[in-house]
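Position 628 of the sequence shown, counting from 1, maps to 820 under our numbering, and the rest follow consecutively. All residues carry an ideal CB built from backbone N, CA and C; glycine is no exception. Note that the coordinates shown come from a computational prediction; the quantities given were computed from them, not determined experimentally. All remarks here apply to the structure that follows.
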Amino acid sequence: MKRASALVTWWYLAAGGVATVAALVSPWPALREALYLLACAQMAPALWLSYRRGLASARLAILLAVVGVSYGAAQLLTGDEPTYQQPAAIALGLLATGCIIAGLAVVLHMRDDRGHEGLLGDALIVALGAWVVSWATLVQPIVSHTGKTAFGTILYGVYQPTASVVLFLLVVVLLNYSPRPASMWLLAAALTGNLLGDLVYALIDAGHVGAGGERVGIPMYIVGYFCAGAAFLHPSINTLGHAATPANRQMLGRLILTTSSLVFPVIVLAGTAPNDTTDKIVRSLSAVVLAAVVTTRVALAVRANNLAQAELLHGAQTDPLTGLPNRTVLLDRINKLLSDRWGQDVHPTLFFVDLDRFKNINDSLGHAAGDEVLVTVARRLVNAVSDDAMVARLSGDEYVVLDASTRSQGAAMALAERLLAVFREPLALSQGDVFVTASIGVAAISATSSTSPEDLVRHADTAMYRAKDAGRNCLAVYDESMHERVAHRLAVETALYRALDRRELRLYHQPILDLQSGDVVGFEALMRWQQADGTIVSPAEFIPIAEDTGTIVPIGSWALLEALSQLRRWIDDGVCSPSATMSVNVSPRQLSDTNFPAIVSEALTRAGVSPQLLWLEVTESVMIAEPELALATLRRLRSLGVRVALDDFGTGYSSLSLLQKFPLQRIKIDRAFVHGVADNPNDRSLVRTIIAMGRSLGLDMVAEGVESVHQLQVLSDLGCSKAQGFLISHPVPADAMRSTVAALERLGQFPGLRPSSAAPVV
Ligand code: C2E
Ligand code: MG
Ligand code: MG
Numbered sequence: 193m194k195r196a197s198a199l200v201t202w203w204y205l206a207a208g209g210v211a212t213v214a215a216l217v218s219p220w221p222a223l224r225e226a227l228y229l230l231a232c233a234q235m236a237p238a239l240w241l242s243y244r245r246g247l248a249s250a251r252l253a254i255l256l257a258v259v260g261v262s263y264g265a266a267q268l269l270t271g272d273e274p275t276y277q278q279p280a281a282i283a284l285g286l287l288a289t290g291c292i293i294a295g296l297a298v299v300l301h302m303r304d305d306r307g308h309e310g311l312l313g314d315a316l317i318v319a320l321g322a323w324v325v326s327w328a329t330l331v332q333p334i335v336s337h338t339g340k341t342a343f344g345t346i347l348y349g350v351y352q353p354t355a356s357v358v359l360f361l362l363v364v365v366l367l368n369y370s371p372r373p374a375s376m377w378l379l380a381a382a383l384t385g386n387l388l389g390d391l392v393y394a395l396i397d398a399g400h401v402g403a404g405g406e407r408v409g410i411p412m413y414i415v416g417y418f419c420a421g422a423a424f425l426h427p428s429i430n431t432l433g434h435a436a437t438p439a440n441r442q443m444l445g446r447l448i449l450t451t452s453s454l455v456f457p458v459i460v461l462a463g464t465a466p467n468d469t470t471d472k473i474v475r476s477l478s479a480v481v482l483a484a485v486v487t488t489r490v491a492l493a494v495r496a497n498n499l500a501q502a503e504l505l506h507g508a509q510t511d512p513l514t515g516l517p518n519r520t521v522l523l524d525r526i527n528k529l530l531s532d533r534w535g536q537d538v539h540p541t542l543f544f545v546d547l548d549r550f551k552n553i554n555d556s557l558g559h560a561a562g563d564e565v566l567v568t569v570a571r572r573l574v575n576a577v578s579d580d581a582m583v584a585r586l587s588g589d590e591y592v593v594l595d596a597s598t599r600s601q602g603a604a605m606a607l608a609e610r611l612l613a614v615f616r617e618p619l620a621l622s623q624g625d626v627f628v629t630a631s632i633g634v635a636a637i638s639a640t641s642s643t644s645p646e647d648l649v650r651h652a653d654t655a656m657y658r659a660k661d662a663g664r665n666c667l668a669v670y671d672e673s674m675h676e677r678v679a680h681r682l683a684v685e686t687a688l689y690r691a692l693d694r695r696e697l698r699l700y701h702q703p704i705l706d707l708q709s710g711d712v713v714g715f716e717a718l719m720r721w722q723q724a725d726g727t728i729v730s731p732a733e734f735i736p737i738a739e740d741t742g743t744i745v746p747i748g749s750w751a752l753l754e755a756l757s758q759l760r761r762w763i764d765d766g767v768c769s770p771s772a773t774m775s776v777n778v779s780p781r782q783l784s785d786t787n788f789p790a791i792v793s794e795a796l797t798r799a800g801v802s803p804q805l806l807w808l809e810v811t812e813s814v815m816i817a818e819p820e821l822a823l824a825t826l827r828r829l830r831s832l833g834v835r836v837a838l839d840d841f842g843t844g845y846s847s848l849s850l851l852q853k854f855p856l857q858r859i860k861i862d863r864a865f866v867h868g869v870a871d872n873p874n875d876r877s878l879v880r881t882i883i884a885m886g887r888s889l890g891l892d893m894v895a896e897g898v899e900s901v902h903q904l905q906v907l908s909d910l911g912c913s914k915a916q917g918f919l920i921s922h923p924v925p926a927d928a929m930r931s932t933v934a935a936l937e938r939l940g941q942f943p944g945l946r947p948s949s950a951a952p953v954v
């Protein structure tokens, strides 16, 4: 369809070419006139078609229709007299040019909605320049020739420079925008033909060219009108209004045009002497107006430039979301503060405010809600501090308040409390109210401080992390020891990265005893990190760091394979029964890795261990934080045949619904309850409840951290089926397991153990 109408366009143009050549070579003026009228009329069907095609080109089509009719009528009105003697024809010509200018303005408007500051000024300069030139070369000769200032002559004086405005706008459209569709080029050709026709007639009117010039002038118009018709037939006419990228050359093109509009009049004015007083007055007035317009235009350009620069500077210093100053401005302010002298009673202080669990809001409510939270918090923080304090946003959910006028540490604490209080009220989001808390790190800036602004912010940041570690929604004040702790942690982190490669990690194992049979029915693998200098780092210290940094993923995979291979060796060597199980601890980070079930499956295959012999020990946290993901992963693990134990039960949320919702097969009662089970009635009743609940759900029960025979006895009486703890055995290296198991077997049942069916202890 599109190709067909594109083809029609070219045929149409070819017809225009034939008409033009005919008008050029025709010896009969009447034929030329008839061809001219034909060229005006041919636009009608093209305009009708494009009008129906769409709104964008409709406005242009209407304007061009007026142009066509005006030119046609002007031609009919024109007799043999010079144009300036026919005011009606000139008025129609003016109307047509006005429409063309409006059409070009429509195109400019459609293609760039950012406005055209200065375009009007530039157009005015070009028009005035053209006016000066056309006054001196065309209008003035006619005025002096006719000897009167008739209405027609004045209209003529206005009409001449309008052609330059058309030319100017045309060049702006062509230079400014890319891509340029075929219809744009055709319209440009149409306007050029029209302008050339006008020029020929103007030269005839001014007596520079003889009346025979008409032979060339009319064909120019004919070519122009056919091009206009073709432009509106071409399918690309509708893309004329599509947004376009302004080309870089635009400024240069406009500059060349406006400069020449100033240079030419100057040359003309200097090169030709004024004829009479009217000429002198017109020339001087024109020069004054031109100068005034140029000055205004330059002044406006300078102002726009200053505004743009100010905007740029503002953008570089401001956080676009909240409108708060950014890190650069904050560091700048601290720097200035450090170089200033301040009195002994002033203690400038930094408050590092970090929202707690902001990721949860983003993940659950979406980023738009997250943005709303950030903006609201920014507003509240600004309202909570005095005018001379600065609130900056560093990144994400991190804000820094710099109070340069804090008088004492007490005042700093009071301000920190005020900042915490900002979060007491819920934030009203469009999706409903949400509660957000924050952790705040406080760091004072001392007058003698030799630290850099970056270090000071880092101190406040360190303190903020301390507040997070202390349970969030609180504040912590920076002191030097924090720095040492951070440095130590960094050292551990770095060493941990290499621990696996350097074979510094080991697995110790703790046997799990069946309380009825007294047999060792399984082992729990517990990691140890023996550093190069022989020091052993406890998993309680390095596992959380490995979890934070993500190293737990490779380390955990290693532990899994190592533990399963060890079980295989023990079974093969007869150290334990072939049904003995291996328990491996899995951290939340591992469990949220969608690849985890595949890792487990591969480890089982490589070690040659049946999935029923593996217990994975998980904690509740992951089921609370990412329930959907945890459920999906646990189901996949279950389908492998692997069983899952809930570790440290009783210390976290210990929600009954977790036990029902997630596919779990074992509960491990935390040693905190086992510790008091013998002597503390509360602990005992709690353990009794846990066991009763677990049994009713058909779960296997293991008591952790059994240290005394009494505890073991009570647990057995309460119906707990399995136990592990120092009483039975400490975690031991793999090569010590044979003797450990042998010693346990020799011991048989622990003294005093009763079968679980006996009456429970009260
Ligand atoms: P957990 O899984 O609850 O492991 C039991 C912890 O209790 C072990 O501490 C064990 O040595 C200790 N324990 C055992 N019996 C007794 C007792 O009678 N009394 C006392 N006071 N403690 C006892 P350990 O080895 O220091 O491990 C601490 C925690 O580190 C583990 O707690 C587990 O959460 C984590 N962990 C250890 N190895 C790994 C691992 O390979 N991967 C992961 N993700 N976590 C591990
Ligand atoms: Mg465990
Ligand atoms: Mg445990």
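Per DSSP, reduced to three states, the secondary structure at I920 is coil, with no helix or strand assignment. For Q916, the shortest separation between its Cβ and any heavy atom of ligand 1 lies below 7 Å. Judged by beta-carbon spacing, L826 lies beyond the 8 Å limit of P803, meaning their Cβ atoms are not closer than that value.
Rounded to whole angstroms, the Cβ separation of Y417 and A382 is 7 Å, and the two are in contact under 8 Å.
In the DSSP secondary-structure assignment, Q702 is bridged to E716. In the same chain as T743, and ignoring 5 residues on each side of it, the C-beta atoms closer than 7 Å to its own belong to L688, Y689, in chain order. Looking at D840, L667, L936, C912, the one whose alpha-carbon comes closest to that of L919 is L936.
When L796, S847, L850 are compared, the shortest CA-CA separation from L829 is found for L796.
Between S478 and W327, the C-beta spacing is below 8 Å.
Residues lining ligand 2 by the Cβ criterion, that is a Cβ closer than 6 Å to any of its heavy atoms, are E716, N777, E809, D839 in chain order. For W220, the secondary structure class from DSSP, reduced to helix, strand or coil, is coil. Three or more beta-carbon pairs drawn from the region 591 to 605 and the region 541 to 553 are found closer than 8 Å, and the two stretches are therefore classed as touching. Going by DSSP, T643 is part of no beta strand (DSSP E) at all; its letter is neither H nor E. A residue is called buried when at least 16 other Cβ atoms come within 10 angstroms of its Cβ; K551 does not meet this threshold and is exposed. The beta carbons of L707 and L756 sit no closer together than 8 Å. Sequence-distant partners of F715 (beyond 5 residues in either direction) whose C-beta falls short of 6 Å from its own C-beta, in its chain, are H701, P703, M774. Per DSSP, V767 lies in no beta strand (DSSP E) and is assigned neither H nor E. With a threshold of 7 Å, the Cβ atom of A751 counts as near ligand 1, since some heavy atom of the ligand is closer than that. Going by beta carbons, V634 and A652 fall inside the 8 Å limit. Exclusion of the five residues before and after V324 leaves P457, S478 as the residues of its chain whose Cβ lies within less than 6 Å of its Cβ. In the DSSP assignment, F942 falls outside any alpha helix (DSSP H) and carries neither an H nor an E.
Set against 7 Å, the gap from the CB of G748 to the closest heavy atom of ligand 1 is smaller. Taking G624 as reference, the option from G562, D661, V593, V577 with the minimal CA-CA separation is G562.
Judged by the Cβ position, V894 fails to qualify as a neighbour of ligand 1 at the 7 Å threshold, every heavy atom of the ligand being at least this far. Judged by DSSP in its simplified three-state form, D840 adopts strand. When C-beta atoms of the region 497 to 509 are compared with those of the region 562 to 581, fewer than three pairs fall below 8 Å, so the two segments do not count as touching. DSSP places N665 in no alpha helix (DSSP H); its state is neither H nor E. With a threshold of 16 other beta carbon atoms within 10 Å, T212 meets it and is buried. Restricting attention to alpha helix (DSSP H) runs no shorter than 4 residues, the region 341 to 425 encloses them at 343 to 368, 374 to 397, 406 to 425, ordered along the chain. Under the three-state reduction of DSSP, W534 is assigned to coil, being neither helix nor strand.
Residue pairing by DSSP places Y591 opposite V545, R585 in a beta bridge.
By alpha-carbon distance to L832, the top candidate from R863, F865, I410, I791 is I791.
With a contact defined as Cβ atoms closer than 8 Å, S638 and E564 miss out at about 38 Å. Look at S597 here: in three-state DSSP terms it is coil, with no helix or strand label. By the criterion of a C-beta distance shorter than 6 Å, L547 is surrounded in its chain by D589, V628, A630, once the five residues flanking it on both sides are discounted.
Its chain contains D875, R876, V879, Q903, V906 as the residues whose beta carbon lies nearer than 6 Å to that of V869, once the 5 sequence neighbours on both sides are disregarded; these appear in chain order.
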